[in-house]
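Colleague:
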Amino acid sequence: MNQLDQLQFNQSQLKNTEQWLKLGVTALAGSGLFAILLVASRTPGVQEIIPWIDFFRTALVVHVDLSVLVWFLAFGAVLWRLHDQSLFLNNYILGAAWLGLVLICVTPFTGDSQPVMNNYVPVLRRPMFFAGLGIFTVAILLHSLSIRKPPSLQQPANLAIWTGVVAVIIGLLSFAWSWFSLDPATEHHAYYEFLFWSGGHTLQVGYTQFMLAAWLWLAAASGVTLPVRPKVLSMIILLGAAPLLPVPVLHILYPIASAESLAGFTLLMQYGGGLAAIPIGMILLLALIKADHSMPEQKPARYALWASFILFSAGGLIGISISGVNTVIPAHYHGSIVGVTLSFMGLSYLLLPKLGYGLHMAKTAKWQSVVYGSGQMLHITGLALSGVLGIKRKTAGAEQGLDQLSKIITMGVMGLGGLLAVIGGIMFVVVMLNAFYRGKSS
Numbered sequence: 002m003n004q005l006d007q008l009q010f011n012q013s014q015l016k017n018t019e020q021w022l023k024l025g026v027t028a029l030a031g032s033g034l035f036a037i038l039l040v041a042s043r044t045p046g047v048q049e050i051i052p053w054i055d056f057f058r059t060a061l062v063v064h065v066d067l068s069v070l071v072w073f074l075a076f077g078a079v080l081w082r083l084h085d086q087s088l089f090l091n092n093y094i095l096g097a098a099w100l101g102l103v104l105i106c107v108t109p110f111t112g113d114s115q116p117v118m119n120n121y122v123p124v125l126r127r128p129m130f131f132a133g134l135g136i137f138t139v140a141i142l143l144h145s146l147s148i149r150k151p152p153s154l155q156q157p158a159n160l161a162i163w164t165g166v167v168a169v170i171i172g173l174l175s176f177a178w179s180w181f182s183l184d185p186a187t188e189h190h191a192y193y194e195f196l197f198w199s200g201g202h203t204l205q206v207g208y209t210q211f212m213l214a215a216w217l218w219l220a221a222a223s224g225v226t227l228p229v230r231p232k233v234l235s236m237i238i239l240l241g242a243a244p245l246l247p248v249p250v251l252h253i254l255y256p257i258a259s260a261e262s263l264a265g266f267t268l269l270m271q272y273g274g275g276l277a278a279i280p281i282g283m284i285l286l287l288a289l290i291k292a293d294h295s296m297p298e299q300k301p302a303r304y305a306l307w308a309s310f311i312l313f314s315a316g317g318l319i320g321i322s323i324s325g326v327n328t329v330i331p332a333h334y335h336g337s338i339v340g341v342t343l344s345f346m347g348l349s350y351l352l353l354p355k356l357g358y359g360l361h362m363a364k365t366a367k368w369q370s371v372v373y374g375s376g377q378m379l380h381i382t383g384l385a386l387s388g389v390l391g392i393k394r395k396t397a398g399a400e401q402g403l404d405q406l407s408k409i410i411t412m413g414v415m416g417l418g419g420l421l422a423v424i425g426g427i428m429f430v431v432v433m434l435n436a437f438y439r440g441k442s443s
């Protein structure tokens, strides 16, 4: 039996879970709106129409924060509600998270945003933006602090969620540690790079653990049987959380702005990020190959699972080839990030009936994963090849230096893939909003 079928909810818990899902979908929709401008500003033939480099950077900041931070943490809150139903101050925390999201989205339209293109959590140097970011992250931290003892080893998906929440708590506390430790007089870009470096790497562990939980549930919902006992899966999942152990040690031993700290957290992600994802991915791949063709009602989950697995694996393989500061880097993290996102999208389709909504656009949901996944594969392929040709990351327009036909072609592939990915993202938002608009089944 699918573990989702074993969960029992009362009406209050259902409402709160539903609201976190709606917040995440809203964040993803907002990210998509900014992504349209991002793709246009880097696509040959179109970029001349939108030559606003500063707006490109502002849009990139908001796009990244909504799609990677807000969407991921909001969906993590959804998963945490499914796992632990005894949370406190839910409505107040949820309201604060909505307020934070609104402030982040409104900031770009209030004047010069002063974007800073640091890694993990890029920022707009405006008080409204920092207020929104701070309110949202505090809300997520409070939501996560109800954590209790871990679940049984017979519940690998719940264990993945539990370890993911532990990673979120440690990651957000790492942000706080860095904030108290850094000299405010540090140059802007360096300051925010150091501020979010340790916590940003730590949050990746949480996102991966959440994805593994989604993989297990999607496999069960699409008729894929993993040839491994639950306890074995749980031990692998615990191994995936092992990179969390050195985090406090690194904070104690090395100053935040030191080369040792930067290198230490980089190595944690480089060598620890696949400890659970690789073996579970291999088990999953074998099971997918051997599985019977899914029933029509199972196809949205099966397609989302395949797309998530392929994109996450591609992102990891591209990461091995990173050399220098070029577009190979965004090719790597777009693959990995979209792999996580696709797993969350697929799980969202499964949750709709649990929350009382119907999946009225099942065919669209099935093909949404294909369109979004294919678009992102083209996108990261174009970015990876462009990086090999020397195109720098975080540039647009003339700054890209498209002085060769090969560069124009590869960035054109990137633009085409980005467009398909935007369409796929819109399809997901439309499916979800359609379900919410039609209301709950009687």
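Each residue of the sequence shown is one higher than the one before, counting from 2 in this note's numbering. C-beta atoms are modelled at their ideal positions from N, C-alpha and C, and glycine is treated no differently.
(1) Within a Cβ cutoff of 6 Å, which residues of the same chain sit near Cys-106, ignoring the five residues on either side of it in sequence?
(2) Flag this pair as yes or no: are the beta carbons of Ala-98 and Ala-140 separated by less than 7 Å?
(3) Excluding the 5 residues preceding and the 5 following Ala-78 in the sequence, name in chain order all residues of the same chain whose CB lies nearer than 6 Å to its CB.
(4) Any chance the region 331-341 sits against the region 370-384, with 3 or more Cβ pairs inside 8 Å?
(5) Between which two residues does the alpha helix (DSSP H) harbouring Leu-142 extend?
(6) Check Ala-116 in the structure and name its three-state DSSP category.
(7) Using DSSP with H/G/I as helix, E/B as strand and the rest coil, what is Tyr-121?
(8) If you count every other CB in all the chains shown that lies within 10 Å of the CB of Ile-237, and 16 or more means buried, which is it?
(9) What whole-angstrom Cβ distance do Leu-213 and Gly-241 have, given they're in contact under 8 Å?
(10) Note down, in chain order, each residue of its chain lying with its Cβ closer than 7 Å to the Cβ of Thr-18, except the 5 sequence neighbours on either side.
(11) Is the beta carbon of Tyr-373 less than 7 Å from the beta carbon of Gly-418?
(12) CA-CA distance, Arg-439 and Leu-34?
(13) Specify the secondary structure class of Tyr-358 as computed by DSSP and reduced to three states.
(14) Where does Gln-441 fall in DSSP's three states?
(15) On a CA-only basis, which of Val-167, Lys-232, Ser-179 and Leu-174 is nearest Phe-211? Give me that one, please.
(16) Tell me the rounded alpha-carbon separation between Asn-159 and Leu-24.
(17) Just to check my reading of the structure: Trp-216 and Ser-344 have Cβ atoms closer than 8 Å, yes? What is that Cβ distance to the nearest angstrom?
(18) Please determine, among Met-118, Asp-113 and Tyr-121, the residue with the shortest C-alpha to C-alpha distance to Arg-127.
(19) Can the beta-carbon of Leu-173 be found less than 7 Å from the beta-carbon of Ile-257?
(20) Does DSSP put Gly-274 in a helix, in a strand, or in coil?
(21) Does the distance from the C-beta atom of Leu-125 to that of Val-62 stay below 7 Å?
(22) Enumerate in chain order the residues of its own chain whose CB-to-CB distance from Tyr-121 is below 6 Å, with the five nearest sequence positions on each side excluded.
(23) In chain order, what residues of the same chain lie with their CB nearer than 7 Å to the CB of Leu-246, ignoring the 5 residues before and after it?
(24) How many Å lie between Gln-156 and Leu-102 at the Cα?
(25) So what's Arg-82 in DSSP terms, helix, strand or just coil?
(26) Met-428: buried (16+ other C-beta within 10 angstroms of its C-beta) or exposed?
(27) How should Phe-176 be labelled, buried or exposed, when 16 other C-beta atoms within 10 angstroms of its C-beta is the threshold for buried?
(28) On a Cα-Cα basis, can you pick out the residue from Pro-123, Leu-227 and Ala-243 that is closest to Met-283?
(29) Kindly give me the distance between the Cβ atoms of Gly-388 and Ala-332, rounded to whole angstroms, as I take these residues to be in contact under 8 Å.
(30) Suppose the cutoff is 8 Å on Cβ atoms and the five residues either side in sequence are ignored; what does the same chain contact list for Phe-130 look like?
(31) What distance in whole Å lies between the Cβ atoms of Tyr-193 and Val-117, which are believed to be in contact at a cut-off of 8 Å?
(32) Locate the alpha helix (DSSP H) running through Tyr-208, then write down its first and last residues.
(33) According to the neighbour-count rule (16 or more other Cβ atoms, all chains shown, within 10 Å of its Cβ), is Arg-149 buried or exposed?
(34) I need the boundaries of the alpha helix (DSSP H) containing Met-378, first residue and last residue.
(35) Check the C-beta distance from Trp-180 over to His-252 and give it rounded, since I have them as a contact under 8 Å.
Modeller: Judging by the given coordinates:
(1) Gly-31
(2) yes
(3) Trp-21 and His-144
(4) yes
(5) 128-145
(6) The sequence shown places Pro at residue 116, not Ala. Looking at Pro-116 - three-state DSSP - the assignment turns out to be strand.
(7) coil
(8) buried
(9) 7 Å
(10) Val-79, Arg-82, Leu-83 and Leu-356
(11) no
(12) 23 Å
(13) strand
(14) Inspection of the sequence shows that residue 441 is occupied by Lys rather than by Gln. Looking at Lys-441 - three-state DSSP - the assignment turns out to be strand.
(15) Val-167
(16) 22 Å
(17) 6 Å
(18) Asp-113
(19) no
(20) coil
(21) yes
(22) Phe-197 and Gly-201
(23) none
(24) 33 Å
(25) helix
(26) buried
(27) buried
(28) Leu-227
(29) 6 Å
(30) Leu-104, Ile-105, Thr-108, Ser-114 and Val-124
(31) 5 Å
(32) 189-222
(33) exposed
(34) 363-389
(35) Their Cβ separation, rounded to whole angstroms, is 12 Å, which puts Trp-180 and His-252 out of contact at 8 Å.
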